[in-house]
Ligand code: GCW
């Protein structure tokens, strides 16, 4: 029986959104428009008896099933559908859905939970899940489930590969809310609840977002996100008091500076009462920070935290801090060590409303990195893990690279910080060290392209990021399958083929890139395409040290930079030992001769050759699989992905030939199979 009537009798913004989304979604999925009754804003909340009576009247008037939406507190009818223990099992943003033949209840502790429940219900309907006897409980694994836009007010997007910004245009904040509203829906539909709407590199005009000149328009954007349960954050410039506040300094211990931030925070909250807080990139890649004044990151973050605390805001302080003016001749400095070296000494000094945002790896979103050893090393500090959904180093949405398996490897890594079972996911969510705040942040991959992500299949990364932030135990395959069904329908062939393509894609991309965890063999600046020595003699701290005998970075304690010692045992011992380091990371941790034999049984040089030939074959196989779906996928999407898959093959060939030729010339060792290397 299809749903005939939707009713929600609470004066709650997210519940109204939930009802509207359900009505719209069900109409599109079933071709029948259910009646929909909600409480108008500001009108008295319905009381128990009244709402129960009116709902059953609405339900019995129709032949189909009725859906009731609401919170345990706001709707007696919803409350009575569950036992006390069942109600208590629902976390702040969680939900329960229960169905019988006549009715379905979507219940939450808060309106946000109800909204996530409504989207989940639509997902179940759309993926063809049987609804009879449905009885599910879902609580989010992470409190913070955030997306970061690296959008600039000129309309450009730093590391954006899907068009221009949907938020800004020609140095103005946009007034057209269409795309922004759809984006809010999209984020809420996958369970995300926070967004920073401007680049962490905060330039001149964006520094002024905190002023009256811009706040009204930002508040307008916040309104759109609020309706979908998404809290708005701003990236701020640490030097703002000096750059726009007319103060002689931005020293965090200066009283005038503190007062400036307090007043600024107050003004922001006047316009945006549920403002999330500040995201800060400080003393990193030429951004200003507390170091200028001889202060440390805790001084800086705490000062901002104190300004936000009275309003319930938080500071998200990034740990992407390293020396980006290194001399390549200096073999002692190791960029991989930097985040740990900077932040471990500060553990315990940050305010309760500060969170440190740590990139998944110690370098910078490479196709393969070990987990940052900072996870597990600062038990007295709130942390969030940062991923990059936008494919800066993973093919820029011209190559197919489904990143969920990569993220899951990081999340499932056991840090042993509290003995066995101390996985990164339990540190990020705050549970391992019993932290109040925790969660996920990630750099968005969307722009104003009609399909949002340029490559149509790159949408699976944004979808997967949201689903994983909600439930870290979902498998990569399950997420891929959900996404395919929601996007292209449930045809077996379509589902199996695309799920397979997604699952194969990261290993394929890795195989024709920089080998065995070494990273960085990309063209400088834009980071697209191969350039083996592009960063070898630069100041960025990203070297491979290849010579005629071998390659790799010695990061051992015994003879290298000591980075391996930043992990706890047994990980430290494992990475310290060449024999115990997994193949895929061997060049990250060790400098080895080309003839070194891997666990796979191949030498390093033969692995490089083989992987790069196989990588191209893998890319060709992706295209063949996609072609087999012609006619089963909408034409526009099929054509868009097809041209990208063709381009991917050409680029994979370029990677193969540049990398293989470089290493043949360096090593002088020929390919066992005598394939063409130039
Ligand atoms: O990945 C690198 C990018 C920069 C970026 C920086 C960061 C926003 O190349 O474009 O700047 O990281 O994360 O701050």
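Residue numbers (full-length UniProt numbering): 24 to 701.
We put the CB at the ideal spot given by N, CA and C, even for glycine.
Local Cβ density within 10 Å of residue i, reported as buried at 16 or more and exposed below that
i, result
"residue 76", "Unreliable positioning characterises residue 76 in this predicted model, as indicated by a pLDDT of 36, which lies under 50. The coordinate reading is nonetheless provided below. Exposed, because fewer than 16 other Cβ atoms sit within 10 Å of the Cβ of residue 76."
"residue 31", "buried"
"residue 52", "exposed"
"residue 304", "buried"
"residue 592", "exposed"
"residue 622", "exposed"
"residue 89", "buried"
"residue 355", "exposed"
"residue 293", "exposed"
"residue 378", "buried"
"residue 697", "exposed"
"residue 562", "exposed"
"residue 64", "exposed"
"residue 658", "exposed"
CA-to-CA distance, residue j to residue i, given in whole angstroms
i, j, result
"residue 322", "residue 275", "6 Å"
"residue 79", "residue 125", "Any answer about residue 79 is weak, because its pLDDT of 41 lies below 50 and its placement is not dependable; what the coordinates show is given next. In a straight line, the C-alpha of residue 79 is about 10 Å away from that of residue 125."
"residue 307", "residue 315", "12 Å"
"residue 618", "residue 690", "9 Å"
"residue 130", "residue 145", "15 Å"
"residue 213", "residue 162", "13 Å"
"residue 666", "residue 423", "12 Å"
"residue 272", "residue 341", "22 Å"
"residue 96", "residue 251", "20 Å"
"residue 310", "residue 699", "46 Å"
"residue 72", "residue 98", "Because the pLDDT of residue 72 is 33, which lies under 50, any placement of that residue in the model is unreliable, and the number read from its coordinates should be weighed accordingly. If you take the alpha carbons of residue 72 and residue 98, they lie about 9 Å apart."
"residue 104", "residue 41", "19 Å"
"residue 508", "residue 514", "8 Å"
"residue 394", "residue 359", "11 Å"
"residue 761", "residue 520", "Nothing can be reported for residue 761: it is not among the residues displayed for the chain, which extend from 24 to 701."
"residue 84", "residue 143", "Note that residue 84 has pLDDT 44, beneath the 50 cutoff, so the model's placement of it is unreliable and the number below is only indicative. If I take the Cα positions, the gap works out to 26 Å."
"residue 612", "residue 443", "23 Å"
"residue 221", "residue 107", "43 Å"
"residue 258", "residue 538", "35 Å"
"residue 338", "residue 381", "14 Å"
"residue 485", "residue 248", "17 Å"
"residue 11", "residue 503", "This structure leaves residue 11 out entirely; the chain is present only between 24 and 701."
"residue 352", "residue 526", "40 Å"
"residue 656", "residue 391", "32 Å"
Rounded distance between the beta-carbons of residue j and residue i, thought under 8 Å
i, j, result
"residue 164", "residue 494", "6 Å"
"residue 370", "residue 401", "4 Å"
"residue 462", "residue 215", "Actually they are not in contact, since the Cβ atoms of residue 462 and residue 215 sit about 10 Å apart, beyond 8 Å."
"residue 184", "residue 419", "5 Å"
"residue 180", "residue 244", "At roughly 16 Å, the Cβ-Cβ gap does not stay under 8 Å, so residue 180 and residue 244 are not in contact."
"residue 177", "residue 121", "Not a contact, Cβ separation roughly 50 Å."
"residue 46", "residue 57", "6 Å"
"residue 641", "residue 534", "6 Å"
"residue 438", "residue 399", "3 Å"
Any non-hydrogen atom of the ligand GCW closer than 7 Å to residue i Cβ
i, result
"residue 223", "yes"
"residue 343", "yes"
"residue 304", "yes"
"residue 171", "no"
"residue 227", "no"
"residue 387", "yes"
"residue 181", "yes"
"residue 415", "yes"
"residue 533", "no"
"residue 307", "yes"
Where residue i sits in the DSSP three-state scheme
i, result
"residue 124", "coil"
"residue 406", "strand"
"residue 334", "helix"
"residue 560", "coil"
"residue 65", "coil"
"residue 184", "coil"
"residue 565", "coil"
"residue 55", "coil"
"residue 696", "coil"
"residue 447", "helix"
"residue 630", "helix"
"residue 256", "strand"
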